[in-house]
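Each residue of the sequence shown is one higher than the one before, starting from 70 at the first, in my numbering.
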Amino acid sequence: MGEIKFFDIILLLAAISVIYQFIKDLNRKKYVGKLIFKASQDFDSKATIFFWSMLGCIWLFFLIARGVNIERYDYMHPIRMIMPRAVWVLISLQYIYKYHNNKEIRERGITTDTGFIYWKEIVCYDWKESNKLEITYRPSGRFSLKKERNKIWTIENEDKKEISKLFDDLIG
Numbered sequence: 070m071g072e073i074k075f076f077d078i079i080l081l082l083a084a085i086s087v088i089y090q091f092i093k094d095l096n097r098k099k100y101v102g103k104l105i106f107k108a109s110q111d112f113d114s115k116a117t118i119f120f121w122s123m124l125g126c127i128w129l130f131f132l133i134a135r136g137v138n139i140e141r142y143d144y145m146h147p148i149r150m151i152m153p154r155a156v157w158v159l160i161s162l163q164y165i166y167k168y169h170n171n172k173e174i175r176e177r178g179i180t181t182d183t184g185f186i187y188w189k190e191i192v193c194y195d196w197k198e199s200n201k202l203e204i205t206y207r208p209s210g211r212f213s214l215k216k217e218r219n220k221i222w223t224i225e226n227e228d229k230k231e232i233s234k235l236f237d238d239l240i241g
């Protein structure tokens with residue numbers, strides 16, 4: 070078994086940061102508020118969840134295959150042998166969870182595929198087509214550009230009235 074090297078430390082830090090982000094996402098009710106409404110998933114979200122699920126299954130298979138045959142690799146360091154696959158499994162789980170919780174309206178803002186948008190950041194919204202909602206917002210983070218950005222949501226027709234009502238009430 071070899072000594073711990075720089076790559077092993079990077080792998081451990083990556084695993085710790087992914088686990089921290091995943092736990093933070095699981096406990097997000099504390100900083101984003103209670104769930105008010107969840108719009109139904111569109112095809113893109115379902116396809117992305119399927120992609121990350123398949124990728125996670127592949128990496129899980131590689132992780133189990135390497136773990137079962139661990140005695141064959143006794144000359145290698147266990148961190149270097151198992152951690153890259155474990156990190157990819159954790160990243161896949163995080164993306165599955167992220168896209169599963171896409172398009173939520175919460176007390177403090179909305180969740181999107183790129184992150185969380187607070188109500189104070191939303192400038193306006195507009196229905197572009199029968200089921201396309203365009204949300205214009207201006208990020209307020211320290212390191213973000215202050216220019217306006219757009220986010221498009223594909224909404225089912227049965228959710229359109231309720232989402233319009235919620236946006237009118239919460240944006241002002």
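Cβ coordinates follow ideal geometry from the N, Cα and C atoms, glycine included.
Residue i, buried or exposed, once every other Cβ within 10 Å from all chains shown has been counted against 16
i	result
residue 159	buried
residue 171	buried
residue 196	exposed
residue 92	exposed
residue 22	What the structure shows of the chain is the stretch from 70 to 241, and residue 22 is not part of that stretch, so it cannot be assessed.
residue 211	exposed
residue 66	Since the first residue of the chain shown is 70 and the last is 241, residue 66 is not available in this structure.
residue 186	buried
residue 199	exposed
residue 123	exposed
residue 209	exposed
residue 221	exposed
residue 282	Past the edges of the chain, shown from 70 to 241, lies residue 282, and the structure says nothing about it.
residue 232	buried
Test item: CB-CB of residue i and residue j under 7 Å
i	j	result
residue 113	residue 166	no
residue 104	residue 175	yes
residue 224	residue 168	no
residue 121	residue 164	yes
residue 161	residue 125	yes
Residue i versus residue j: straight-line alpha-carbon distance, rounded
i	j	result
residue 230	residue 179	17 Å
residue 236	residue 106	11 Å
residue 228	residue 234	10 Å
residue 102	residue 181	15 Å
residue 32	residue 74	In the structure as shown, the chain begins at 70 and stops at 241. Residue 32 is therefore absent and cannot be evaluated.
residue 115	residue 173	15 Å
residue 96	residue 177	15 Å
residue 217	residue 84	34 Å
Whole-Å CB distance - residue i paired with residue j, under 8 Å assumed
i	j	result
residue 274	residue 152	Residue 274 cannot be examined here, being either before or after the span of the chain that is shown, 70 to 241.
residue 131	residue 154	5 Å
Looking at C-beta atoms only, is the number of pairs between the stretch 183–195 and the stretch 204–213 that lie closer than 8 Å three or more?
With a cut-off of 8 Å on Cβ pairs, the stretch 183–195 is in contact with the stretch 204–213, counting three or more such pairs.
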